[in-house]
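Take a look at the structure set out below.
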Amino acid sequence: MAKGRILLILVFVLPLCLYAGSHTQDRYPPGSVAVTDNAFSLFFNPAASGYRSEFQLIAYFPEALRSYKNEYSLLVMGGKACFSGEWLYSGEQFYQRWQYSLGLPAGKWLNLGLRYRWFGTVEDKGEIDLGFISRPWKFLSLGGVIQNVTEANGLPVVYQVGIGARPLGKIITLAIDVTGQKGNNDLEYKTYIELKPVDGISLSSEYYPENGELRLGFNINLINSGIGFVENGRSAYFHLSNSKYRTIFERKARKLVVFKLPQTIQEEPILYGFRKPHTLKALIDKVKEIAKDKSVHTVLFVGNNLSYGFSRLYEVRNAIEELRTSGKHTCFYSESMNNGTYYLATACDKIFLNPAGTLWLVGFSSTYIFIKDLLDKLGIEAEYEHVGNYKTAADMFTRDSMSVYHREMIETLLEDFYNSFISEVSKTRGFSVEKMLELIDDGPYMAELAKEKGLIDDCLYEDQVLEKLKKTDKAKLEIVKIKRYSKRKEFREDWSYPAQKDKIALIYAVGSIGEGKSKKGFYSNVMGSETIARAIRKAREDKSVKAIVFRIDSPGGSALASDVIWREVYLTTTGKNRKPFIVSMSGLAASGGYYIACQADTIIATPYTITGSIGVLGGKFNVQKLCEKIGINTATIKKGKYSDYMSIYRELTPDERLKLQKIISYYYDVFTKHVADGRGISQDSVKSIGEGRVWSGTRGKTIGLVDIIGSLDTAIEIARQKAGLSNKDIAISIYPKPFSYIFEVSVSDFFTRKTYFGKLLEKDIKFYSYLFDLWLNNNENVFMIMPYMIKVE
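Numbering (numbering that gives the first Met the number 0), first residue to last: 0 to 792.
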């Protein structure tokens, strides 16, 4: 069918191109100031390049098949700008012309553009053109250009306006342009038509009614390149792009995508040096993209002992299950699997393990250290007060063993996580819960035994897996690695523009909470109250932002900084610029992390989220005895009874300790009141589930701290619904704008190099480093912080 269409096009169109009128009023291909938006837009409307992020290179030969003169043009488009160099003749005189244009958004449906034109071999002055293009709907485009606004070289100002329409989508484009000159009442009209009967083939024409001139164009695209001809066979051009053109010449072989999973992923798109991060959202978006790709038959995920944390694994697992539901054949290969990797793998149809590999399916554990005795030997005393029996963040410094409250809390948390894990894994692998518990208690497993027990499907090397999967389809599958697949970016042909769509703001609140601007901490990041508050305020005041999703992954931190952020959330959900405000909790949203969430319209968590920890603690370290031991003497001069209240060189007095308790109690009262108001429950009810106790996302929903069990995608969908937006008409805008730590080096960098020593420390140091971040990056000593990091293995 497609071949027949191509034959008809070649038979009927090419002769028309050969015999079209030869008296042209323009040396460029057919186009319009309202609709042309590829690299040729440089010749028509400078504002149009603002719609483009793709790269495109065009080599254009205006007199290629007629004139002996060697004329040609090179055009480059990228980054919302275009540049061209032209080598031309005017009569017998050769000259060079250079043009540069830049198009930028100036509103929801409006782009403005500037074009500068200068000459390389003649003494003519440079000329400046201005343009606009507006696309309020996907079927309508308006454009206009003012050429030579400074009337350089004695030439008049030229005005052009155009209107374009797509009554049948991308299949047909219609446009009318009107051109006039300053001081001249005569107008020139031009009609433009472009037809795309099949993918990759376009036929264009422009017609001048006054003199009956008709110019035709023909273009054919391959995958990343194409060739075109213009009127009477005289002109030709060749173009390349880094994006994939829609074309009938694309190979239709069904694909086997090898999806190599990164060892770790992070939440926000922050750069470390020049290394592009692997983010959770980007990974899930790629899985969703593959689910929609009809050319993909099978996806093989490859990953070893992944370190994502169970909350993120839950979200990736959901995406893989949706991929499987879409009809794709999903498989997982690993050389060695920990609990988390196996949890993810069970979302797939088949699981393959290296014959020499091990399945470390052994259940969950969580280990804590207590260093009070060590501090005593050093002469350091931790002087801390807290509200709530479960507020155990300072216990590692103040106790020599785990308290009964701490143990009760962690046992309940682990039980919730373990039950969720057992339920999901047993369901997808076809085991009863009892059988799954029995299998875990018999772990770990070497590959052959894991296969025998039905925990995996086969023991194969990766090359054997690929060979086996290639033959699962009637036709041999084409193997495509994820890196190459990810580079497949399609050259946009529609008239939508992401920057001009209604937006949902996605605000990342990641790391311990500190005062001031966000920064790199001892190991992880510090979420600065100034940075996050500004991001919320900016999203609230941006009229194109219709809803906000607040993505939290934080154990809490400074009480003051938490309150600064909370205030902006409160203004967003209650003020005059009120917008839907949805919280999506990642692995952590506890203490201060919950404080900044409690005012949201909807709170979403995963079953593996650690949340709650509604409580406050405060205090300091006293190094007086340490100083005496090592020969350090201090002298303090005071003006004011409590001017050295939080000095680390002496212990707290009884009345100072009483003051600290009052301050902490005050903050606890504020905390519980904000939660009560935000969640619509009594303050006494909040206190009954508070006392610093952490909860799983599942139990958090039961007690009213969480509304929905779901993922980041769930939050975005709810935000879209609450804002009344169409699924196809939104863009996700990231806040704060991604930044880079290119020149920042943290203390932990010295402990995490790829050395044996570094590897020993790296696994544990990051789970306690946030405490150092808090003390180093805050001026106060009162914290809303969860019991120190809960590490589930």
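Note that the Cβ used here is the ideal one computed from N, Cα and C, for glycine as well. Predicted model, so just to flag it, every value in this text is computed and none were measured.
Per DSSP, residue i is paired with what?
{"i": "L587", "result": "I609"}
{"i": "N183", "result": "Q180"}
{"i": "M395", "result": "The partner list for M395 (beta bridge, DSSP) is empty, contrary to what the question assumes."}
{"i": "C458", "result": "L352"}
{"i": "I478", "result": "L255"}
{"i": "C81", "result": "M76, S100"}
{"i": "W565", "result": "DSSP lists no partner for W565."}
{"i": "C330", "result": "L299, K349"}
{"i": "E226", "result": "Note on identity: in this sequence residue 226 is Ile, with Glu being the wrong assignment. Looking at the DSSP assignment, I226 forms a beta bridge with I219, F237."}
{"i": "F131", "result": "L111, G143"}
{"i": "I175", "result": "I162, T190"}
{"i": "L711", "result": "Answer is none; L711 lacks a bridge partner."}
{"i": "F278", "result": "The question names Phe, but residue 278 is Thr in the sequence shown. DSSP output for T278 lists Q265 as bridge partner(s)."}
{"i": "H673", "result": "Beta-bridge pairing links H673 to no other residue."}
{"i": "F420", "result": "Answer is none; F420 lacks a bridge partner."}
Tell whether a beta-carbon distance below 9 Å holds between residue i and residue j.
{"i": "A344", "j": "G302", "result": "yes"}
{"i": "P579", "j": "A718", "result": "yes"}
{"i": "G691", "j": "I609", "result": "no"}
{"i": "F420", "j": "F309", "result": "yes"}
{"i": "E384", "j": "G617", "result": "yes"}
{"i": "A508", "j": "R550", "result": "yes"}
{"i": "I662", "j": "N621", "result": "no"}
{"i": "Y734", "j": "I581", "result": "no"}
{"i": "K585", "j": "G556", "result": "For the sequence presented, residue 585 should be read as Ser rather than Lys. No, the Cβ-Cβ distance between S585 and G556 is not below 9 Å."}
{"i": "F416", "j": "Y607", "result": "yes"}
{"i": "H277", "j": "V298", "result": "no"}
{"i": "A105", "j": "L139", "result": "no"}
{"i": "L322", "j": "A281", "result": "no"}
{"i": "V257", "j": "I439", "result": "no"}
{"i": "G362", "j": "G442", "result": "yes"}
{"i": "E314", "j": "L651", "result": "no"}
{"i": "V34", "j": "G179", "result": "no"}
{"i": "G119", "j": "W97", "result": "yes"}
{"i": "V160", "j": "N147", "result": "no"}
{"i": "C458", "j": "L360", "result": "no"}
{"i": "V424", "j": "M435", "result": "yes"}
{"i": "R311", "j": "L279", "result": "yes"}
{"i": "I595", "j": "S642", "result": "no"}
Determine the DSSP secondary structure at residue i, reduced to helix, strand or coil.
{"i": "K243", "result": "strand"}
{"i": "Y404", "result": "helix"}
{"i": "W494", "result": "coil"}
{"i": "F217", "result": "strand"}
{"i": "G112", "result": "strand"}
{"i": "Y755", "result": "Interpretation of Y755 is limited by its pLDDT of 37, a score under 50 that renders its predicted location unreliable; the figure taken from the coordinates is listed afterwards. In the structure shown, Y755 sits in a helix (DSSP, three-state: H, G or I)."}
{"i": "Q24", "result": "Model confidence at Q24 stands at a pLDDT of 39, short of 50, so the residue's coordinates are unreliable and nothing is read from them."}
{"i": "Y648", "result": "coil"}
{"i": "Q95", "result": "strand"}
{"i": "S140", "result": "strand"}
{"i": "S431", "result": "coil"}
{"i": "Y158", "result": "strand"}
{"i": "G442", "result": "coil"}
{"i": "N621", "result": "strand"}
{"i": "F42", "result": "helix"}
{"i": "Q262", "result": "coil"}
{"i": "Y71", "result": "strand"}
{"i": "P653", "result": "helix"}
{"i": "Q55", "result": "strand"}
{"i": "V197", "result": "strand"}
{"i": "I631", "result": "coil"}
{"i": "D372", "result": "helix"}
{"i": "L358", "result": "strand"}
{"i": "E489", "result": "strand"}
{"i": "E690", "result": "coil"}
Could one say the Cβ of residue i lies closer than 9 Å to chain D's Cβ atoms, at least one of them?
{"i": "S201", "result": "This model lacks chain D altogether, as it is built from one protein chain only."}
Examine the Cβ distances between the region 237-257 and the region 55-63 and report whether three or more of them are shorter than 8 Å. Contact between the region 237-257 and the region 55-63 is established, with three or more Cβ pairs separated by less than 8 Å.
The region 202-215 contacting the region 178-194, beta-carbon criterion three pairs below 8 Å: Counting Cβ pairs under 8 Å, three or more are found: they touch.
Pairing CB atoms from the region 369-377 with CB atoms from the region 335-342, are three or more of them under 8 Å? The region 369-377, when compared against the region 335-342, does not touch it at the 8 Å Cβ threshold.
Return the chain-ordered ranges of every beta strand (DSSP E) run that is complete within the region 504-530 and spans a minimum of 3 residues. Here the runs fully enclosed are 511-513, 524-527.
Do the region 698-710 and the region 489-496 meet, that is, are 3 or more Cβ pairs less than 8 Å apart? Counting Cβ pairs under 8 Å, fewer than three are found: no touch.
Between the region 107-122 and the region 130-138, do at least 3 Cβ pairs fall closer than 8 Å? Counting Cβ pairs under 8 Å, three or more are found: they touch.
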